[in-house]
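In this note's numbering, the protein residues as written are 6 to 185.
The structure is reproduced here in structure tokens:
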């Protein structure tokens, strides 16, 4: 199994709340010792992930791969991660894992000087929204879709520490809309 695919499995498992960051690190460290097994097999072998959830996770990973030409690296580039993931990934003492993390330009706490980092793996573009003020409940992570009057973003709800969908009016229309 490729390192990128196993990282994809682990990151999606965390995003789906099937496992915690610390469980991902534990499983990745076991995988480093048993690279002939997939991360999903390690997660089930060590009873971190039930077989039912492993099957669901496998289906999500397969769909991600289909959507990105079976390229795990491209899948990883489209994902965003919670703020503690970079520090967690630093704990995996494996050259291949660290090279994948470095190749994907994932900033670590050492590179940023921050204790935790709001991480987006995807490269910033002119269309990427800037994070909102820290005193607001939602932090926009990435754009999702844009329609006639509104835009949809994937955001972090800071109160419940979950990714949510946030719909907003596009700025050019927001000022002219009136509500009755």
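The beta carbon of each residue, even a glycine, is placed where N, CA and C say it ideally should be.
Since the model is a prediction, treat every value here as computed from it, not as a measurement.
query                                                                                                                                                                                               : result
To the nearest angstrom, report how far apart residue 54 and residue 71 are at their CA atoms.                                                                                                      : 23 angstroms
Hey, does residue 40 have any beta-carbon neighbour from chain D nearer than 8 angstroms?                                                                                                           : Looking for chain D here will not work: only one protein chain is present.
What are the start and end residues of each continuous alpha helix (DSSP H) run of 4 or more residues lying completely inside the segment 37–104, in chain order?                                   : 44–50, 56–72, 77–83, 90–95
Per the contact definition of three or more C-beta pairs closer than 8 angstroms, is the segment 95–104 in contact with the segment 32–45?                                                          : yes
Give every residue of the same chain whose Cβ lies closer than 6 angstroms to the Cβ of residue 74, excluding the five residues on either side of it in the sequence, and list them in chain order. : none
May I have the straight-line CA-CA distance separating residue 174 from residue 47, to the nearest angstrom?                                                                                        : 44 angstroms
Between the alpha carbons of residue 169 and residue 144, how many angstroms are there, rounded?                                                                                                    : 10 angstroms
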